[in-house]
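Visitor:
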Amino acid sequence: MQFSYSWLKTQADPNLSADELAYVLTMAGLEVEEINTAAPKFSGVVIAEVKSVEKHPDADRLNVTQVDVGTGELVQIVCGAPNVKVGIKVPCSLPGAVLPGEFKIKPTKMRGVVSNGMLCSAKELGLPEDGVDGLLVLPNDAPIGKDIREYLDLDDSVFTLKITPNRTDCLSIKGIAREVAALTGCVKQVVEIPSVEVNSDKIQPVRIEALANCGRFVSRVIEGVDSTAVTPAWMKQRLERSGIRSVSALVDIGNYVMLELGQPMHVFDAEKLQGDIVIRRAREGEVLACLNGKTVTLSDNTLVVADESGALSIAGLMGGEASAVSDNTKNIVLESAFFEPEIIAGKSRQYGFGSDSSFRFERGVDWNLQNDAIERAAELVLKICGGRAGKIVEAIGELPEQKQVNVRLARVEKMLGVYIPVGHIQSILSHLGLNPVQIEDGFSVTAPSFRFDIEIEADLIEEIGRVYGYENIPADSTEGRLKMLRLPETQKTRFSIYDHMAKRGYQEVVSYAFVDEEWEKDFANNADPIRIQNPLAAQFSVMRSTLIGGLVEILQNNLNRKNNRVRLFEIARVFQKGEDGYFIQNERIGGLLYGTAVPEQWASQARNVDFYDLKADVESLLLGRNVRFVKACHPALHPGRTAEVVIDDVVVGFLGELHPQWVQKYDLPQSALVFELDMPAVLGKEKTVYQNVSKFQPVRRDLAFVLSEPTTHNELLDALKQVDNKLIQEISVFDVYKGTGLPEGMKSMAVKVILQDNEATLTDDVVEPLINKLLDAAAKIGAKLR
98 MQFSYSWLKT QADPNLSADE LAYVLTMAGL EVEEINTAAP KFSGVVIAEV KSVEKHPDAD
158 RLNVTQVDVG TGELVQIVCG APNVKVGIKV PCSLPGAVLP GEFKIKPTKM RGVVSNGMLC
218 SAKELGLPED GVDGLLVLPN DAPIGKDIRE YLDLDDSVFT LKITPNRTDC LSIKGIAREV
278 AALTGCVKQV VEIPSVEVNS DKIQPVRIEA LANCGRFVSR VIEGVDSTAV TPAWMKQRLE
338 RSGIRSVSAL VDIGNYVMLE LGQPMHVFDA EKLQGDIVIR RAREGEVLAC LNGKTVTLSD
398 NTLVVADESG ALSIAGLMGG EASAVSDNTK NIVLESAFFE PEIIAGKSRQ YGFGSDSSFR
458 FERGVDWNLQ NDAIERAAEL VLKICGGRAG KIVEAIGELP EQKQVNVRLA RVEKMLGVYI
518 PVGHIQSILS HLGLNPVQIE DGFSVTAPSF RFDIEIEADL IEEIGRVYGY ENIPADSTEG
578 RLKMLRLPET QKTRFSIYDH MAKRGYQEVV SYAFVDEEWE KDFANNADPI RIQNPLAAQF
638 SVMRSTLIGG LVEILQNNLN RKNNRVRLFE IARVFQKGED GYFIQNERIG GLLYGTAVPE
698 QWASQARNVD FYDLKADVES LLLGRNVRFV KACHPALHPG RTAEVVIDDV VVGFLGELHP
758 QWVQKYDLPQ SALVFELDMP AVLGKEKTVY QNVSKFQPVR RDLAFVLSEP TTHNELLDAL
818 KQVDNKLIQE ISVFDVYKGT GLPEGMKSMA VKVILQDNEA TLTDDVVEPL INKLLDAAAK
878 IGAKLR
C-alpha cells in the first residue's frame with residue numbers, strides 16, 4: 098500500500114515527522130518498507146507566467162520568451178519546448194537554482210541570445226511526465242513567484258507499507274487513518290459522504306445468481322457525463338503518489354474511491370450493456386477480451402459480471418474491453434460489490450495477471466461499504482464530469498456473519514504480562530472501530546464488517562497489545578530448570594551430522610519444498626507428483642519427492658557466479674503419495690559433489706571428483722553400520738555409475754553420477770555426483786560392544802579367486818561370509834586383475850582373510866579346515882582358487 102502523508106493528514110494528522118510515524122506504524126504491525134519524498138531534491142524553482150514568445154533569430158527550434166517571476170521585472174529566457182506559448186504558467190529555475198543531479202543554473206548565451214534561467218519540464222524536476230512533450234503547464238490560478246516545491250507539496254512523504262494478508266482494512270486512507278488515530282490518539286476526521294441528488298429515472302437492474310459468491314452488488318446510472326473532462330490536479334497528484342497512473346477522469350475516480358475508502362469500483366459504458374447485469378459463474382470455455390489487452394478463456398470456477406450478451410468482466414479481477422468507457426461515452430453505470438474472498442483468491446495466478454482490485458477482493462473488503470462507495474463516486478463524477486444521477490439499485494446475496502467475541506481482562510494481563518487499565522483497553526478497542534460493550538469480566542465485541550481477522554479472544558488481545566505498544570511491555574526474566582534427556586546409545590545427534598558434513602567440506606543449503614514439475618519427471622521419473630492447488634508460480638507447482646532438483650539448481654547458480662568447486666548438502670523432507678489419499682513425508686539428507694577433488698594447490702595434481710570420492714563421504718556418514726553398495730539403476734543417475742545403499746538388507750538411499758542426459762539439459766560443464774539417504778538411517782548407529790584385545794597374533798591368508806567378469810565383489814564377499822565362525826575377524830578384497838593368463842570373460846579377485854583367537858595361538862590344524870570351508874563357499878558362485 099502506497100500513499101502520501103499529506104493525503105493521510107486530511108483524515109488523521111498525528112503531528113509526527115515521517116520517520117516518527119514510520120516507527121509507530123512498524124511497531125504496530127504495519128511495516129513501513131520505505132519512505133520517499135514526492136520529488137528529488139532541488140531548489141530555486143518558482144512559478145512564472147510567459148508574457149511573450151518570439152522566434153530565436155538564429156535557431157529554428159528555439160524561442161526567446163519574456164516571463165514574469167513575481168519580481169516586478171520580466172526575465173528573458175531562451176526555451177526550446179514545443180508547447181511554450183503566451184499566458185501559460187510554468188516552473189522556472191532562475192540563476193542560482195540547483196536542479197536534480199546537482200545541475201546548477203546560471204546565465205548563459207544560446208546562439209548569441211542571453212538566457213537568464215530555464216523553463217522546466219516535469220522530467221527536469223524529477224516529476225511524473227504525464228505524457229506531455231515539453232514544459233510542465235500549471236493551473237491558471239497558480240500564484241506567480243511562489244516556490245514550486247511549496248505549491249505542489251513536493252516535500253510530501255510517500256509511504257510504502259507491507260500490509261499482511263489479514264489487514265485488508267489498511268489498504269485505504271480511511272483504514273490507515275483509523276489505525277493512526279488509535280495509535281497516536283489524534284482526532285480522526287470522518288469523510289462526509291453526502292447523498293447526491295437523484296434527477297434521472299434511468300436505472301440498471303441487477304440480479305445475483307451465484308448467491309454464495311456475491312454478497313452485495315450495487316449499481317447506479319449517471320447520464321450525460323463529459324467523459325473527456327480533465328482529472329483535477331489534486332486527484333491526479335494523490336493517485337500518482339499512490340503508485341497509480343492517471344488514465345481518464347472516469348477511471349481515475351474509480352481508483353480514487355478505492356484508495357480513499359478501500360472499495361474497488363468499476364465503470365461500464367451504459368450504452369454497451371444489454372439487459373440486466375447478472376453475477377454468475379462463467380460458462381466453461383466462455384471467452385472474454387480484457388481491458389489489459391489479453392483475451393482469456395474462462396473456467397466455471399470463475400465469477401463473472403455479465404449481461405444478456407455474455408461476460409462483461411471477471412468479477413473482482415479485470416473489466417472487459419467490450420463494455421469499457423471511452424471518450425465517446427455519455428452514460429455510465431457505476432458498480433460496487435462485495436465478492437466472497439475465496440472465489441477471487443487464486444484467479445490472478447490462474448489467468449496470469451492481477452489488479453489492485455483483486456489484491457483487495459481476495460483478502461476481503463468491507464461488506465457494508467458498497468453504498469458509501471457508490472455515493473462517493475457519484476459525487477465526484479457529477480462534480481468533475483457533470484451529468485444526472487439515477488437511483489441506486491442493490492442486489493443482496495449471502496453476506497458474512499458478524500462474530501461476537503469476548504475478551505477477559507484477566508486473560509489480557511496473563512497473555513501480555515502487563516496490567517492495562519480498563520479505561521485504556523476500552524479506548525483502544527473503540528479507536529479501532531470495534532465498539533466494545535463492557536461485560537462483567539471484560540468486554541464484548543462484535544467484529545465489524547471491515548475486520549475479517551477478529552474471530553477469537555486472542556485476536557482482540559493481540560489488538561490491545563500492539564496498540565498499547567509491545568515496547569511498553571516490561572522485559573521479564575523467566576526461570577526454570579531444563580533437563581537434557583539422553584539420546585539412545587544407538588542414535589547420533591542431529592548436530593553431529595551437520596558438523597560431520599561441514600568438516601568434509603560441504604555447505605548446507607535450504608531449498609523450496611515445492612518445485613518445477615519437470616524436475617520430478619527428470620530426477621525421479623515421477624509422472625504423477627503431488628500438485629499444489631494455488632502455486633506461488635508456475636515453477637513451484639508440485640511437491641518434491643527427491644532433493645536432487647534443488648541441489649542441481651543451486652549448483653547452476655554457483656557456476657553462473659564462477660564458483661567451480663561445489664560441495665552442497667541439505668536435510669529436508671520429501672513428499673510422496675501413500676495409500677488411501679495420505680501423503681508420506683520422509684526426511685532425507687541429500688548431497689552434491691562437483692569440481693576438483695581438492696582445492697587448487699601445488700602438492701597434488703588436480704583431478705575431478707569421481708564415484709569413489711562420493712562413496713567415501715557416504716561411508717563416513719554411515720560409519721559403524723553394516724553398509725553394502727549394490728549396483729542399481731536410477732532415473733537421475735548414470736546407468737553404470739549408480740549404487741543403492743543397503744543396511745541390513747534394507748535400501749536406505751542411493752548415490753552416483755548424474756546422468757549425461759541431465760548434464761547436457763541443465764547445461765553443466767561436467768557431471769555432478771549426488772547422494773540421497775534416509776535420515777533415520779544416518780542418525781542410527783550400531784551399539785558399541787567392548788572386547789579385550791587379543792594377546793595372540795592374527796593369521797592372514799590371501800586367497801585369489803578366478804571368477805566370471807560380471808560377478809561383483811559383494812557377491813563374492815556375501816558367499817564367503819556364509820561361513821560363520823568366531824575366528825574370522827575380517828574378509829576384504831584387496832586386488833582385482835584382468836588380462837594375460839586368465840581365460841576370456843574371467844577375472845581374478847584377491848581376498849585377505851584375517852583369523853584370530855583371543856584364547857590361544859592358531860595352528861594349521863585349526864586354520865586349514867576353515868580355509869577349505871571358505872573355498873567351498875566360493876565355489877558355490879563359480880569362484881575357483883587361482
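For the sequence shown, our numbering assigns the number 98 to the initial residue and increments by one for each residue that follows.
In this text, a Cβ means the ideal position worked out from N, Cα and C, and glycines have one as well.
1. Taking the DSSP output, what are the residues bridged to Leu-770?
2. Going by DSSP in three states, Asp-714 sits in which element: helix, strand or coil?
3. Return helix, strand or coil for Phe-831, following the three-state DSSP convention.
4. From Ile-525 to Val-564, what does the alpha carbon distance come to, in whole angstroms?
5. In this structure, what does DSSP give as the bridge partners for Pro-188?
6. With a floor of 4 residues, list each alpha helix (DSSP H) that falls wholly inside the stretch 423-486, ordered by position along the chain.
7. Pick out whichever of Asn-398, Arg-722 and Glu-368 has its Cα sitting closest to the Cα of Leu-431.
8. Quick check for students: name the residue ranges of the alpha helix (DSSP H) that lie wholly in the stretch 194-252, counting only runs of 4 or more.
9. So Ala-624 is in the beta strand (DSSP E); what residue range does that whole segment cover?
10. Give the list of continuous beta strand (DSSP E) stretches no shorter than 3 residues that lie fully inside the stretch 807-882.
11. I need the straight-line Cα distance from Val-161 to Ser-324, nearest angstrom please.
12. May I ask which residues mark the beginning and end of the alpha helix (DSSP H) holding Met-124?
13. Just tell me which of Leu-395, Leu-171, Gln-499 and Gln-360 has its CA closest to the CA of Gln-467.
14. Measure from the alpha carbon of Ala-346 to the alpha carbon of each residue in Ser-423, Leu-582, Leu-711 and Tyr-102, then state which is nearest.
15. Distance check for Gly-520 and Arg-457, CA to CA, integer angstroms please.
16. Measure from the alpha carbon of Phe-365 to the alpha carbon of each residue in Val-315, Gly-390 and Gly-340, then state which is nearest.
17. By how many angstroms is the C-alpha of Ala-136 removed from the C-alpha of Gln-301?
18. When we look at the beta-carbon of Gln-334 and count the other beta-carbons within 10 Å, is it buried (16 or more) or exposed?
19. If we ignore side chains and look at the alpha-carbon of each, how far apart do Ala-555 and Gly-530 end up?
20. Going by DSSP, what residue range makes up the beta strand (DSSP E) through Arg-317?
21. Whose C-beta lies closer than 8 Å to the C-beta of Val-183 among residues of the same chain, with five residues either side of it excluded?
22. Exposed or buried, what is Trp-759 when buried is set at 16 or more other beta-carbons lying within 10 Å of its beta-carbon?
23. CB-CB under 6 Å to Pro-795, same chain, minus the five flanking residues each way: which ones, in chain order?
24. Taking the Cβ atom as the reference point for each residue, do Arg-738 and Val-803 lie within a distance shorter than 8 Å?
25. What do you reckon, are the CB atoms on Gly-523 and Lys-285 nearer than 8 Å?
26. Using only alpha-carbon positions, find the residue among Asn-855, Glu-476, Asn-569 and Gly-223 that is nearest to Lys-792.
27. Smallest Cα separation from Val-502: which of Lys-203, Ala-857 and Asp-550?
28. Can you check the stretch 283-360 for any alpha helix (DSSP H) of at least 4 residues that lies completely inside it and give the ranges in chain order?
29. When the Cβ atoms of the stretch 409-425 are set against those of the stretch 228-235, are three or more pairs found closer than 8 Å?
30. Measure the alpha-carbon distance for Cys-283 versus Leu-105 and round it to whole angstroms.
31. Mind checking which residues open and close the beta strand (DSSP E) that includes Asp-155?
32. What does Ala-403 pair with, by DSSP beta-bridge criteria?
33. Specify the secondary structure class of Lys-728 as computed by DSSP and reduced to three states.
34. Given the structure, does Phe-802 come close to the ligand FAD, in the sense that its CB is under 7 Å from one of the ligand's heavy atoms?
35. I'd like to check one pair, Arg-685 with Leu-774: are the Cβ atoms closer than 8 Å?
36. For Trp-331, does the count of other Cβ atoms within 10 angstroms reach 16, so buried, or fall short, so exposed?
Guide: A quick look at the data gives this:
1. Leu-770 is bridged to Leu-690 and Glu-754.
2. Asp-714 falls in the helix class under three-state DSSP.
3. Note: Phe-831 maps to strand in three-state DSSP.
4. When only Cα atoms are considered, Ile-525 and Val-564 end up about 7 Å apart.
5. DSSP lists Ile-144 as the beta-bridge partner residues of Pro-188.
6. Correct list: 438-441, 444-448, 453-458 and 467-481.
7. Ranking Asn-398, Arg-722 and Glu-368 by Cα distance to Leu-431 puts Glu-368 first.
8. Within the stretch 194-252, the complete alpha helix (DSSP H) runs of at least 4 residues are 245-248.
9. Here Ala-624 belongs to no beta strand (DSSP E), and DSSP marks it neither H nor E.
10. For the stretch 807-882, the continuous beta strand (DSSP E) assignments of 3+ residues that do not extend past its boundaries occur at 825-834 and 843-852, in sequence order.
11. Roughly 37 Å between the two C-alpha positions.
12. DSSP places Met-124 inside the alpha helix (DSSP H), whose first and last residues are 115-124.
13. If we check each option's Cα against that of Gln-467, Gln-360 comes out closest.
14. Here the closest residue by C-alpha is Ser-423.
15. In a straight line, the C-alpha of Arg-457 is about 34 Å away from that of Gly-520.
16. Taking only the C-alpha atoms, the option nearest Phe-365 is Val-315.
17. Near 43 Å, if we compare the C-alpha coordinates of Ala-136 and Gln-301.
18. Buried.
19. Taking the Cα positions, Ala-555 is about 17 Å away from Gly-530.
20. Membership of Arg-317 in the beta strand (DSSP E) is indicated by the continuous run 311-320.
21. Non-local beta-carbon contacts of Val-183 in its own chain, meaning distances under 8 Å to residues more than five positions away in sequence, involve Val-147, Lys-148, Ser-149 and Val-150 in chain order.
22. The Cβ neighbour count for Trp-759, taken over all protein chains shown within 10 Å, is at least 16; the residue is labelled buried.
23. Spatial neighbours of Pro-795 in its own chain (CB-CB distance under 6 Å, excluding positions within 5 residues in sequence) are listed in chain order as Ile-851 and Gln-853.
24. No.
25. Rather than Gly, the amino acid found at residue 523 in this sequence is Gln. For the pair Gln-523 and Lys-285, the CB atoms are not nearer than the 8 Å cut-off.
26. Here the closest residue by C-alpha is Asn-855.
27. Comparing Cα positions, the closest option is Asp-550.
28. Unbroken alpha helix (DSSP H) runs of no fewer than 4 residues, entirely contained in the stretch 283-360, are found at 330-337 and 346-358, following chain order.
29. Taking 8 Å as the limit for Cβ pairs, the verdict is that the stretch 228-235 does not touch the stretch 409-425.
30. Rounded to the nearest angstrom, the two C-alpha atoms are 12 Å apart.
31. According to the DSSP assignment, Asp-155 belongs to no beta strand (DSSP E), since it is labelled neither H nor E.
32. Listed as beta-bridge partners of Ala-403 by DSSP are Val-375 and Ala-408.
33. If DSSP states are grouped into helix, strand and coil, Lys-728 belongs with the strands.
34. With respect to the ligand FAD, the structure offers nothing, as it holds no ligand at all.
35. Closer than 8 Å, so yes.
36. Result: exposed.
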